[in-house]
Amino acid sequence: MESILIIDDEIQIRRLLGITLSANGYKIIEAETGKDGCNLAASFSPSLIILDLGLPDMDGIEVLKKLREWFQHPIIVLSVRKSEEDIVKALDLGANDYISKPFRTGELMARIRVAIRQSQPADNKSLLQFGNFSIDLSKHLAFKNNEIIKLTSTEFSLLALMAVNEGRVLTHTYILKEIWGYSYLEQTQYLRVFVAQLRKKIEDNPTKPRLLITESGIGYRFNGE
Amino acid sequence: MYENNSETRNVLNQEKPRFLVAMGHTRQSAGLLVRAKQLATGMNASLQAVYVENTYKITKSQRRILEENISAAKKAGVDFRIISNYNTAKGVASFAFHEKISHIIIGKPKTYNLFTYLRRGDFINQLIKNSGDIHVVILGAKNKTGKGNYKEKIVLPSFTSKWNEYVITTLIVVLSTLLCYLISDAAGYRVISFALLFTVSVMAFFYGTGPVLLASTLSALIWNYFFIPPHFTFHIDNTEDVLMFIMFFIIALLNGVLTSRVRRQEKRIRKREERTHALYSLTGELSEVNGMTDVKDVVIKGINKYFESFSVVILQDELNSADRNVVREFSVEEWKAIKYCNEKSVKCGRFTEICSSQKYTFYPLVGTQMKIGVLALEQTRKMTYGEEQFLEAYLGQITGKFEREILRNVARKAFLLDESDKLYKTLFNSISHELRIPVTAIMGASDTLLAEKYPEKVQHELLTEINIASIRLNHLIENLLNMSRLESGRLSLRYDWCDVHDLINRVTETLHQELQPFSVNILIPDDLPMMKFDFGLMEQVIHNLLLNATQYAPPGSVISIEFGTDDNNLMITVNDNGSGFPENELNQVFDKFYRGKSNRTGGTGLGLSIVKGFVEAHRGLIIASNNENGGAQFKIKIPIEISDIDRLTINE
């Protein structure tokens, strides 16, 4: 049974998460402060940590940094809306995903599932299938309705990066670093132009993307479901 | 000072005589002023004083006496005006007409000689001739000061030109002589005389009296020496030529002197025009700025420009709070003088009688209703009376502006206080209502769920109610947070490249449920480039506009949103098929807590005012109107940086 550590000072949130997660078959460990959280993470080694960024005793970002010194499993951060800067910071510091309060529990469960799945050793599939859309990583090819989509090499790299991390949000900085390298970290304009181009080629309706989802102010998420 | 007052008083009080005393730059004038004042008081008349600047130059000592007379007049509470006119009598008369004067008072000349006869006698005659039905009173000047033997000296034009002007005029004469010498054989010496006269006249336009006199004398002598036969002697053979020479001399002299006098007059007029212009442009500049600091900047810049002096404005509150920044610029002594100047409302500091050892001259800025502060002016030389008069007019403008500004602030503060009070009440009523409804729904539904085991269908319905209520609560909190962000004034925009498609997708997704009953028409041109704006704020703008439409338009109708560009502006138009706005409420649409009559679901009335706030934060504009279908239309125009990267031509 997967265990999840919840680090949040609000009892009502802990209770809600406890009920929801237990009902979905997870074992729950609760911590009220950042310090307790770190200790409990060390003694229980949970499969996933849900970390609130607004903690009374220490900054959530600090807790994250501390945890990431040794903790390998996924961490999902909880934050209030409109704090994109904090979210991006947390993601760049190694958080696997984020969800803002108030959140829909269904969405949270999906994020948890994705995070846990991705943390497990990958089976190195070279063919990724998403409905009528598929990607052959070894052959550098993408198909829609079994037809090859013509992609430039940068477009393919971008698509592959997004698809491999399916369900997980990738920050602008992360994508730019992975595809273009360190000297392009500020060029979000390029990224947006490429995403727009890519959408035109892979999406059924590029104006209403279903695969490449924008997370405003943060980055992109590949939605494979 | 009722003497100052304009015609209105005169109209109201026709019988009251208005006296005008014509002042000069002599000590007798001071006595005349005293007697005129006595006369005016005795006859219950108002009194003004006037001095006419004409084309005669006055000496330094005369100027000093004039200034003494001016300050004497001011002390006696008499308005003193300096006007400019080539003819003193005409100047006095026209001023008297303009000011609706009943009696002109002039002094009796003390001494008589040919010169005073020519000047004064002519003055009296001309004044009588020009003054129409205004009475002219001639008072004998009684001398109490014992300086009665002061004799008016005949004043020659003073030679104030620089030495290099003498050199230049001499050179020009020499040069023209050389030219004339070349043509003298062909033209004859009489023609030469005209050429030389011409040179002198032309020079009179550019140089002062002294150089021109020198030039005319020189050219007369040159003409005699070089051109009148016998050549190279001052001897003249021909009697006719002797007359010619004398006439040449006289014409050259007159020419020079008269022209330079005209020039002086012209210079004065030009100076006056410059001042008028300066005042005019200051008024213009002042009317364009608002806020104390901006006004202060304009004032200091203006004084710097027109008086070429460094100045500091110390306002009343700075005086009281003794703001360290202001204080640091002044020494303790200066600070004392500033306080004195402000308290007593008198000019002090350099070139005055009080605290004259200071670096600055301090002028009190006193408005009609309050003291504004002090202007400290660092001047290198004493101002002439004209300059002083100009500065006073200037300060008048400044004081007026400051006063208006202060009064406006007071009014605004009162208004804001009133508004915030009103706002608080409305907020309280509106918010508590808006909060209570969803909380009631949540409490009620969850209570029911907890109390008994209902059939699954009922359970589901109750849970849906809870869900809807929580969404509504969340929306309210979102709006309140946004409002407080706007109100705090610390809204900082995070401009980033955005795709309008992302924007609209995001909004339609979050409003999925609300938009369900409508047919939503989204129009985005294919070639719409990427733009820079704050995604979060613009999302809220579109969100609130669409949500607003869903609340007012009948279900099943079309809600359309169109994006486009116009130059470097993003244009957004939202239309619905609701009942639109009542015409008389169009300008209140964006007011806080405004709610349309046909609103179905309540709402705080904050949505649209947030929209406006966020659009304006982007330096944009939003207009609400009714479209041809009678529904509401919102038009947004936001200046925007547009991506120069064309998504189709990008190379890898």
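Chains as they are written, first to last, in the working numbering: chain A, -11 to 213; chain F, 19 to 670.
For glycine and all other residues, C-beta sits at the position ideal for the given N, C-alpha and C.
Everything numeric in this text was worked out from a predicted model, so none of it was measured.
Opposite residue i in the DSSP bridges: which residues?
i       : result
H153/F  : H121/F
A40/F   : V68/F
M589/F  : G582/F and K655/F
R209/A  : V157/A and I201/A
Q117/A  : S122/A
G367/F  : T379/F
A86/A   : Note that residue 86/A corresponds to Tyr in the displayed sequence, not to Ala. Note: Y86/A sits in a beta bridge opposite V65/A.
R99/F   : V68/F
G598/F  : DSSP lists no partner for G598/F.
M549/F  : C516/F and I660/F
S(-9)/A : K15/A
I264/F  : Answer is none; I264/F lacks a bridge partner.
Below 7 Å CB to CB, which residues in the same chain sit around residue i once its five sequence neighbours on both sides are set aside?
i      : result
S204/A : none
V629/F : V559, N562, L563 and I640
N587/F : K655, I656, P657 and I658
L5/A   : I(-6) and I38
N103/F : V70, N72 and G109
Can you list, in chain order, the residues of its chain with a C-beta nearer than 6 Å to that of residue i? Leave out the 5 residues immediately preceding and following it.
i      : result
M19/F  : Only weak support exists for where M19/F lies, its pLDDT of 39 falling under 50; the coordinates are left without a value.
V260/F : I254
F608/F : L626, S627 and K630
L271/F : S234
C373/F : A355, C366 and G367
S537/F : V576
F328/F : E396
F113/F : V68 and I101
R27/F  : With a pLDDT of 43 at R27/F, under the threshold of 50, the modelled position of this residue cannot be trusted, and the question is left open.
Would a C-beta distance cut-off of 7 Å place residue i and residue j closer than the cut-off?
i      : j       : result
H43/F  : I83/F   : yes
S237/F : V218/F  : yes
L393/F : L383/F  : yes
M589/F : G598/F  : no
Y86/A  : I100/A  : no
K314/F : V330/F  : no
D594/F : I579/F  : no
R180/A : M549/F  : no
I49/A  : I(-6)/A : no
R512/F : D544/F  : no
T65/F  : A58/F   : The sequence shown places Leu at residue 65/F, rather than the Thr named in the question. Yes, they are a contact pair.
P35/F  : H121/F  : yes
P456/F : A487/F  : yes
F611/F : G596/F  : no
L28/A  : I16/A   : no
In angstroms with no decimal places, state the Cα-to-Cα distance between residue i and residue j.
i       : j      : result
N273/F  : V110/F : 28 Å
Q175/A  : Q569/F : 40 Å
R198/A  : R430/F : 52 Å
D45/A   : T159/A : 28 Å
T38/F   : L145/F : Per the sequence shown, the amino acid found at residue 38/F is Leu instead of Thr. Their Cα atoms are separated by approximately 13 Å.
I172/F  : R293/F : The predicted position of I172/F is uncertain, since its pLDDT is 47 and thus under 50; a value taken from the coordinates is nonetheless stated next. Approximately 32 Å between the Cα atoms of the pair.
I63/A   : R92/A  : 18 Å
C516/F  : Y324/F : 50 Å
K188/A  : P194/A : 5 Å
E440/F  : I318/F : Per the sequence shown, residue 440/F should be read as Lys rather than Glu. Taking the straight line joining both Cα atoms gives about 40 Å.
L125/A  : F182/A : 19 Å
I119/F  : S149/F : 10 Å
G414/F  : T386/F : 10 Å
S67/A   : T140/A : 37 Å
I(-8)/A : V525/F : 33 Å
L467/F  : I7/A   : 17 Å
V364/F  : Q376/F : 15 Å
Whose C-beta lies closer than 8 Å to the C-beta of residue i among residues of the same chain, with five residues either side of it excluded?
i      : result
V337/F : Rather than Val, the amino acid found at residue 337/F in this sequence is Leu. Only I356, K357, N360, G391 and V392 meet the Cβ criterion.
Taking only heavy atoms of the ligand MN into account, decide whether any of them is closer than 6 Å to the Cβ of residue i.
i      : result
I201/F : The ligand MN is absent from the structure shown, which contains no ligands of any kind.
Self-check item: Short-range partners of chain A found in the region 554 to 576 of chain F, where Cβ spacing is below 7 Å
Solution: Within the region 554 to 576 of chain F, the residues whose Cβ lies closer than 7 Å to any Cβ of chain A are, in chain order, G554 and E557.
Self-check item: Residues in the region 515 to 532 of chain F having any Cβ partner in chain A nearer than 7 Å
Solution: Flagged, chain order: W515, D517, H519, D520, N523 and R524.
Quiz item: In the region 162 to 188 of chain A, which residues sit with their C-beta less than 7 Å from some C-beta in chain F, listed in chain order?
Solution: Going along the region 162 to 188 of chain A in chain order, one finds T176, Q177, R180, V181, A184 and Q185 with a Cβ nearer than 7 Å to chain F.
Practice problem: Determine which residues of the region 492 to 505 of chain F have a Cβ less than 8 Å from any Cβ of chain A, and write them out in chain order. | Solution: If the cut-off is 8 Å between Cβ atoms, the region 492 to 505 of chain F has N492, E496 and L499 near chain A.
Quiz item: Taking Cβ-Cβ distances below 7 Å as the criterion, which residues of the region 82 to 100 of chain A are in contact with chain F?
Solution: P90: these are the residues of the region 82 to 100 of chain A whose beta carbon lies less than 7 Å from some beta carbon of chain F, given in chain order.
Quiz item: What are the residues of the region 461 to 475 of chain F that lie near chain A, defined by any Cβ-Cβ distance shorter than 8 Å?
Solution: Listed in sequence order: no entries.
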